[in-house]
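Colleague: Have a look at the structure that comes next, please.
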Ligand SMILES: [Zn+2]
Ligand SMILES: [Zn+2]
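Numbering (our numbering), first residue to last: 151 to 435.
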């Protein structure tokens, strides 16, 4: 290598590293920072510190390896036909969102939950104890090659007796979680109402399994939410900091991932997500 070639090699290496480093700085310009929480918002009730990329990178989050490399989705309870198609679409979506093979399992009946782990919610509908499900039921069904397993049910859930309900729940260490469609109007004649919500909760809960804490930085799928309206106001996309965490851990190519997710959002006419992610893609193209 002569001096000139050597210099060019160094300059291109520098250029490449600047390009890489800048990707998240560019994406940060698209972040809509969270405002001071209003009464009733998640952060008003649960003040949280968030999680920097540096803090995340020290947590040794789980990642796919030769032995454990799939996400399993376990349907629980008798789902309606439309609820079942929402589960199928969620499986397709998670494949694209995490870039990890996602597999739907044979469904199980909810009579696996004993009487003392059920109660009635404020509308007189039966609710299942989500903690019991993620600690006692789902772990026994986790396949050996599962990196993560998430149950999805049409039944309403509660995490502990003092809470009214929960949209979903996950463990930080075992790779086990559950999401409920019960409050998402999953049988609305417009299936997209339930779709946008269940893919959001599922991606969020699996994010926790990868040791992602709630995002307190910007509007992001990793924001904690207290209500349906707060959840609906959140995008399906990750903010620049949460994306950097996931891309670092799972080594996905941001552009390729954006393109695939945009096609999914377009196919199901999830307009605000299409727009948000197209803006992200433009910034790094
Ligand atoms: Zn959460
Ligand atoms: Zn975030």
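Backbone N, C-alpha and C fix where the C-beta goes; we use that ideal spot for every residue, glycine too.
1) Please state if the CB of residue 308 and the CB of residue 315 are separated by a distance shorter than 8 Å.
2) Which residue comes first and which comes last in the beta strand (DSSP E) that contains residue 267?
3) Taking the beta strand (DSSP E) that residue 222 belongs to, which residues open and close that run?
4) When a residue counts only if its C-beta is closer than 6 Å to some heavy atom of ligand 2, which residues count, in chain order?
5) Buried or exposed, going by whether 16 or more other CB atoms sit within 10 Å of the CB of residue 274?
6) Can you name, in chain order, every residue of its own chain whose Cβ lies under 6 Å from the Cβ of residue 337, other than the five neighbours on each side?
7) At the level of alpha carbons, what is the spacing between residue 175 and residue 268?
8) For the alpha helix (DSSP H) containing residue 276, list its first residue and its last residue.
9) DSSP beta-bridge partners for residue 303?
10) Would residue 224 pass as a contact of residue 301 if the rule is Cβ separation under 8 Å?
11) Under 8 Å, do residue 327 and residue 319 count as touching if we go by C-beta distance?
12) With H, G and I counted as helix, E and B as strand and the rest as coil, what does DSSP make of residue 388?
13) Is it the case that the CB of residue 358 approaches a heavy atom of ligand 1 more closely than 7 Å?
14) What residue ranges within the segment 324-381 form continuous alpha helix (DSSP H) runs of no fewer than 4 residues, ordered along the chain?
15) Taking its Cβ as the centre, do 16 or more other Cβ atoms sit within 10 Å of residue 367, making it buried, or is it exposed?
16) From 311, 271 and 304, pick the residue whose C-alpha is nearest to that of residue 260; which is it?
Modeller: Inspection of the coordinates gives the following:
1) Sequence index remark: in the chain shown, residue 315 carries index 165 (1-based). Sequence index remark: in the chain shown, residue 308 carries index 158 (1-based). It is a contact, given that the beta carbons lie within the stated cut-off.
2) Against the chain shown, residue 267 aligns to sequence position 117. Element bounds for residue 267: n/a, residue is neither H nor E.
3) Within the chain shown, numbered from 1, the residue matching residue 222 stands at position 72. Segment 220-226, the beta strand (DSSP E) holding residue 222.
4) Look at which beta carbons fall closer than 6 Å to any heavy atom of ligand 2; those residues are 365, 367, 368, 370, 372, 388, 389, 391 and 392.
5) The residue given as residue 274 occupies position 124 in the chain shown. Classification of residue 274: exposed, given that the 10 Å Cβ count is below 16.
6) To locate residue 337, count along the chain shown from 1; it is residue 187. So the list reads 230 and 232, once near-sequence residues are dropped.
7) One-based indexing of the chain shown puts residue 175 at position 25. One-based indexing of the chain shown puts residue 268 at position 118. Rounded to whole angstroms, residue 175 to residue 268 spans 47 Å at the Cα level.
8) Numbered from 1 along the chain shown, position 126 holds the residue referred to as residue 276. Where residue 276 is concerned, there is no enclosing alpha helix (DSSP H), although the beta strand (DSSP E) it sits in stretches over 276-279.
9) To locate residue 303, count along the chain shown from 1; it is residue 153. Answer is 226 and 330, bridged to residue 303.
10) Residue mapping note: residue 224 aligns to position 74 of the chain shown, counting from 1. Residue mapping note: residue 301 aligns to position 151 of the chain shown, counting from 1. In contact: residue 224 and residue 301 (Cβ atoms closer than 8 Å).
11) For the purposes of this step, residue 327 is taken as the residue at position 177 of the chain shown. For the purposes of this step, residue 319 is taken as the residue at position 169 of the chain shown. In this structure, residue 319 lies closer than 8 Å to residue 327 by Cβ.
12) Along the chain shown, read from residue 1 onward, the residue named residue 388 stands at position 238. If DSSP states are grouped into helix, strand and coil, residue 388 belongs with coil.
13) As a position in the chain shown, residue 358 is number 208, starting the count at 1. Yes.
14) 342-359
15) Here residue 367 is taken as the residue at index 217 of the chain shown, counted from 1. Looking at its Cβ environment, which holds 16 or more other Cβ atoms inside 10 Å, residue 367 is buried.
16) In the chain shown, the residue the question calls residue 260 occupies position 110. For the residues 311, 271 and 304, the minimum Cα distance to residue 260 belongs to 304.
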